[in-house]
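Undergrad: Pasting in a structure now, in structure tokens, and then I'll have a few things to ask.
Protein chains in written order, with my numbering: chain A, 1 to 494; chain B, 495 to 988.
Laid out in structure tokens, this is it:
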């Protein structure tokens, strides 16, 4: 059966309606469209009238009629030798796309209310450019090493990691095992591979948690200030967010209970408050667990950068205190790379299926190939070596940033912090951080102002400075530029 | 600064509260936990009492006290030579994880209502095992070829595709350009790269569309039967779904308008109705566009497998008739592989930012590395060659399935269809398709019954048979097994 020959790749021809009259005219119109849309390129050979007639179920005369019409119009021309081709004169047509003509009485498109809401989130979540002091851009010395590239080639060439069918929405079993092992040792997290859901990163973990744990109108506690990706998630879910200002001990549980005793969930960053940097104290941890047990509340622990700490002892994960009430979120974005889009949620047994369902609903699961690579990278010990290596480099860069700030900008107070990829500095009271960040952006420096991360009552004025992705020299130069920006934008009343 | 030495990797030690009394006792308890959780393995050397005392900011006597207590308990022992180690007798402890003890008055965990709803979706969306007749498992002859593997290694080794920072949530510009070019030529879709949002596949496209276009309580039209991943999305979003039975011309627009004239959106599969297989006729297409224009309605066009057609002319995409009212969804799952989790949505200009915001909110975007690979695969012409190659193989397998069904099971009527990776067969009226599918599953055959995809009023009884991922011999053998299943499960009244 000459199946191949019957397939003529001009999709527009499928629009011909044989039940209507004027089929020759319709065919000519369809070919005209195909040419104007570039489906048929200048000089491209057309099927013979016989082949096209057979394939379309039309008489050869009808096809001839259409071809002749288009030759008369200059769209088609005879081909040297034999046959018909699209006129060479039509190269690079760039004709505006043809559509059904609009009638005057058609409604002007009115946009649903959700459209502007989501568009605003696009702005809020857009990444900073890769210049100092944006956060988490692994380049040069802190980029993934050659082991990664070699392992990646080897693993992806193996049959087990080749492109394949649909898989478990929880993620690759080998990766979930490696994560379990790592979390148990490094963070004292209590889990089995069955409790792990591979995610696209912390953002997706927060999204899933808000979906599964909360309903529209529920109350949830969030830190003040907090990660804007979290507040966007809660707002979209229709949650009443009770913000609680953090102090030196982190999230203030007693004040939260007082402010809204009927909260269903607490979203916290216990090991390194985002963006401020302090850990949640042990007594607050115990109080939070006690609240969760007494009231059946859920704790969502965002542990986004605990691998990168530079002094002292870390607290173990809050999750280790009660694995029944805590959803633990981690990510490979900080220690490997954001472009991998891989992270994990550790969820109590009773919630696993619900997280799986919510994850499957929004896209069925994460791609498999790099899950194989990360699993092997962890299993073969490269992951721990990589963390140790970049931790040393980040420690040096961090110290460089601190020294440069003390030298160039002694009037800025640095918020104490022992871990992570950024530092927070406080601006003198008269300076507005949003204005400073905008001026810095113009001067080629990217940094996040703190005030949009806090509730209006907080009156923060500070800047987040990421030091991870930049060399010693880049950091020093950027601090000097920041000094110039501050000199050129003298303090004024807000 | 001896920074490295200060980092003692025993997370549990972070829980020591120096403000409380009994620090020696706390330290002993923390070490006990670290051993029971495997953070410290049998035979592992402990830090010297001096180093640990410095690092924890405790007196050396306190650390000594804790070590001696644990030696007395048999948890620690003196190390040959010098120092202290975890007792060798404690290898493979497997002690149940220790947590804060629960008090009796604590609430029994009560689960939010959403948990069971999402858990049910996990079941609904779980993939079939990779045996005939599951759909879309690219293996052996239809697997990605060596070009893919070589290109993948080459592209991923290039600096531009190396692991990197956060990126545009719309997806890689090079991939969006390649998709634009492809859709314009192959599907007569009207778009620029700016209109493309890279997704995790069709499922995510449907999820995003429902988020952005609809609000809770809105009415939307869906085909009857329809893709269960769609109906799950609409149900989760709180949409009133008006199901409209398809006929030989596909989705019946006139009946939809009559049934619920105030619908905000129509979710359709115009080129190959899922699961039935017929295309939407041209007059219905025009009627649907007319409705959308008159009422400001949105059309979501799920074009999940139009690359795989075996005879005749395809209709061009509905989107080409009005790119202002149609959201076009495509996927690489069918022609490349589901494990890539890559697809695309083509959205009108006025909706782009909203789709970007919704995508960023649920995980910031798709991983970058394989987007580079797919872009190169398309740009260098391998994609079209691959489609042509697998289309030939699928055509042969499809014919094998048809021939085998006619031979072995002539009583089953085959639903006519010209494209895709599956066929639908109708069971005689007395047979219940869910029962048959369950019996087939026991016999090692995976197939989807049709009735759960239709509303209760439809009374379908049919089976979806995927032929894509299996050899000629596998298909023949599976049809024979299916015959046995039907013989062993005689018809009975439903």
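Quick reminder that beta carbons are idealized off the backbone N, C-alpha and C, glycines included.
Would a check of beta-carbon distances place residue 195(A) closer than 8 Å to chain B?
TA: Counting from 1 along the first chain, the entry for residue 195(A) is found at position 195. Not one chain B Cβ lies under 8 Å of residue 195(A).
Undergrad: So for residue 265(A), helix, strand or coil by DSSP?
TA: Mapped onto the first chain, residue 265(A) falls at position 265. Of the three classes helix, strand and coil, the one that applies to residue 265(A) here is strand, per DSSP.
Undergrad: Using a Cβ-Cβ cut-off of less than 8 Å, give me the residues of the stretch 354-383 of chain A that come near chain B, in sequence order.
TA: Listed in sequence order: 354, 355, 356, 357, 358, 360, 361, 362, 363, 364, 365, 366, 367, 368, 369, 370.
Undergrad: Apart from the five residues just before and just after residue 884(B), which ones in its own chain have a Cβ nearer than 6 Å to its Cβ?
TA: Taking the second chain and counting its residues from 1, one reaches residue 884(B) at position 390. Excluding positions up to five away in sequence, the list reads 636.
Undergrad: What whole-angstrom Cβ distance do residue 659(B) and residue 692(B) have, given they're in contact under 8 Å?
TA: In the second chain, the residue the question calls residue 659(B) occupies position 165. In the second chain, the residue the question calls residue 692(B) occupies position 198. Between residue 692(B) and residue 659(B) the Cβ distance is about 17 Å, and since that is not below 8 Å, they are no contact.
Undergrad: Quick check: is any heavy atom of the ligand FAD less than 7 Å from the C-beta of residue 796(B)?
TA: Absence of the ligand FAD is noted for the structure shown, with no ligands found whatsoever.
Undergrad: Quick one: what's got a C-beta closer than 7 Å to residue 711(B)'s C-beta in the same chain, skipping five residues either side?
TA: Your numbering for residue 711(B) matches position 217 in the second chain. Counting only Cβ-Cβ distances below 7 Å, and skipping sequence neighbours, we find 732, 734.
Undergrad: When you compare the stretch 856-864 of chain B with the stretch 174-193 of chain A, are there three or more beta-carbon pairs, one atom per stretch, that lie closer than 8 Å?
TA: No, the stretch 856-864 of chain B is not in contact with the stretch 174-193 of chain A.
Undergrad: Counting only beta-carbon atoms, is residue 137(A) nearer than 8 Å to chain B?
TA: Position 137 of the first chain, counted from the start, is the residue given in the question as residue 137(A). With 8 Å as the cut-off, residue 137(A) counts as an interface residue toward chain B.
Undergrad: Below 8 Å CB to CB, which residues in the same chain sit around residue 433(A) once its five sequence neighbours on both sides are set aside?
TA: Here residue 433(A) corresponds to residue number 433 of the first chain, with the count starting at 1. Cβ within range, chain order: 427, 449, 450, 451, 460, 461, 462, 463.
Undergrad: Does the separation of the CB atoms of residue 860(B) and residue 717(B) fall below 8 Å?
TA: Mapped onto the second chain, residue 860(B) falls at position 366. Mapped onto the second chain, residue 717(B) falls at position 223. For residue 860(B) and residue 717(B), no; Cβs fall outside 8 Å.
Undergrad: Could you tell me the boundaries of the beta strand (DSSP E) in which residue 20(A) lies?
TA: The sequence position of residue 20(A) within the first chain is 20, counting from 1. From DSSP, residue 20(A) is part of no beta strand (DSSP E); its letter is neither H nor E.
Undergrad: Quick check on residue 273(A): buried or exposed, where buried means 16 or more other Cβ atoms within 10 Å of its Cβ?
TA: Translated into positions along the first chain, residue 273(A) becomes position 273. Classification for residue 273(A): buried.
Undergrad: Using C-beta distances below 6 Å, list every residue in its chain close to residue 522(B), excluding the 5 sequence neighbours before and after it, in chain order.
TA: Position 28 of the second chain holds residue 522(B). These residues qualify, in order along the chain: 560, 563, 564.
Undergrad: Distance check for residue 275(A) and residue 424(A), CA to CA, integer angstroms please.
TA: By one-based count along the first chain, residue 424(A) stands at place 424. By one-based count along the first chain, residue 275(A) stands at place 275. Whole-angstrom Cα-Cα distance: 7 Å.
Undergrad: Going straight from the alpha carbon of residue 907(B) to that of residue 35(A), what length do you get?
TA: Along the second chain, read from residue 1 onward, the residue named residue 907(B) stands at position 413. Along the first chain, read from residue 1 onward, the residue named residue 35(A) stands at position 35. One C-alpha to the other measures close to 41 Å.
Undergrad: CA-CA distance, residue 915(B) and residue 471(A)?
TA: Along the second chain, read from residue 1 onward, the residue named residue 915(B) stands at position 421. Along the first chain, read from residue 1 onward, the residue named residue 471(A) stands at position 471. About 52 Å.
Undergrad: Anything in chain D within Cβ reach of residue 212(A), meaning under 8 Å, just list it in chain order.
TA: Annotation note: the requested chain D is absent from the structure, which comprises protein chains A and B.
Undergrad: Are there three or more Cβ pairs, one per stretch, closer than 8 Å when the stretch 830-845 of chain B is compared with the stretch 644-664 of chain B?
TA: No, they do not touch.
Undergrad: Indicate the three-state DSSP secondary structure (helix, strand or coil) for residue 247(A) in the structure shown.
TA: Walking along the first chain from the start, residue 247(A) turns up at place 247. Of the three classes helix, strand and coil, the one that applies to residue 247(A) here is strand, per DSSP.
Undergrad: Quick check on residue 882(B): buried or exposed, where buried means 16 or more other Cβ atoms within 10 Å of its Cβ?
TA: Position 388 of the second chain, counting from 1, holds the residue named residue 882(B). With fewer than 16 Cβ atoms within 10 Å of its Cβ, residue 882(B) is classed as exposed.
Undergrad: Between the stretch 204-216 of chain A and the stretch 320-331 of chain A, do at least 3 Cβ pairs fall closer than 8 Å?
TA: They touch, by the three-pair rule.
Undergrad: Give a yes or no on whether the minimum CB-CB distance between residue 626(B) and chain A is below 8 Å.
TA: Residue 626(B) sits at position 132 when you count from the first residue of the second chain. So no, residue 626(B) is outside the interface.
Undergrad: For a minimum of 3 consecutive residues, which ranges assigned as the beta strand (DSSP E) are wholly contained in the stretch 689-738 of chain B?
TA: If we require 3 residues or more, the beta strand (DSSP E) runs fully inside the stretch 689-738 of chain B come out as 690-693, 713-718.
Undergrad: Can you pull the DSSP bridge partners for residue 465(A)?
TA: Against the first chain, residue 465(A) aligns to sequence position 465. According to DSSP, which records beta bridges pairwise, residue 465(A) is partnered with 423(A).
Undergrad: Would you say residue 790(B) faces chain A, with C-beta separation under 8 Å as the test?
TA: Start at 1 with the first residue of the second chain, and residue 790(B) comes out as number 296. Closer than 8 Å: yes.
Undergrad: Any C-beta of chain A sitting closer than 8 Å to the C-beta of residue 654(B)?
TA: The residue you call residue 654(B) lines up with position 160 of the second chain. For residue 654(B), the answer is no, since every Cβ of chain A falls outside 8 Å of its Cβ.
Undergrad: Mind checking which residues open and close the beta strand (DSSP E) that includes residue 909(B)?
TA: Working through the second chain from its first residue, we reach residue 909(B) at position 415. Run containing residue 909(B): none; DSSP gives neither H nor E here.
Undergrad: Using only the alpha-carbon positions, how far apart do residue 496(B) and residue 548(B) sit?
TA: Mapped onto the second chain, residue 496(B) falls at position 2. Mapped onto the second chain, residue 548(B) falls at position 54. Unreliable positioning characterises residue 496(B) in this predicted model, as indicated by a pLDDT of 34, which lies under 50. A coordinate reading is not provided.
Undergrad: Is the beta carbon of residue 786(B) closer than 8 Å to that of residue 816(B)?
TA: On the second chain, position 322 is the one that residue 816(B) refers to. On the second chain, position 292 is the one that residue 786(B) refers to. In contact: residue 816(B) and residue 786(B) (Cβ atoms closer than 8 Å).
Undergrad: Quick one: what's got a C-beta closer than 6 Å to residue 383(A)'s C-beta in the same chain, skipping five residues either side?
TA: The count along the first chain starts at 1 and reaches residue 383(A) at position 383. Counting only Cβ-Cβ distances below 6 Å, and skipping sequence neighbours, we find 377.
Undergrad: Kindly list, in the order they appear in chain A, the residues whose Cβ is closer than 9 Å to that of residue 658(B).
TA: Position 164 of the second chain holds residue 658(B). Ordered by position in chain A, the residues that pass the 9 Å Cβ test against residue 658(B) are 130, 137, 138, 139, 143, 337, 338, 339.
Undergrad: In chain order, which continuous runs of the alpha helix (DSSP H) of length 4 or greater are located wholly inside the stretch 833-902 of chain B?
TA: List check, alpha helix (DSSP H) in window: 843-855, 863-873, 876-902.
Undergrad: By alpha-carbon positions, which one of 789(B), 756(B), 715(B), 679(B) ends up nearest to residue 110(A)?
TA: The residue given as residue 110(A) occupies position 110 in the first chain. Taking only the C-alpha atoms, the option nearest residue 110(A) is 789(B).
Undergrad: Would residue 405(A) and residue 436(A) be called neighbours here (beta carbons separated by less than 8 Å)?
TA: Residue 405(A) sits at position 405 when you count from the first residue of the first chain. Residue 436(A) sits at position 436 when you count from the first residue of the first chain. Cβ atoms of residue 405(A) and residue 436(A): not closer than 8 Å.
Undergrad: Is residue 85(A) helix, strand or coil when you go by DSSP?
TA: The residue given as residue 85(A) occupies position 85 in the first chain. Of the three classes helix, strand and coil, the one that applies to residue 85(A) here is strand, per DSSP.
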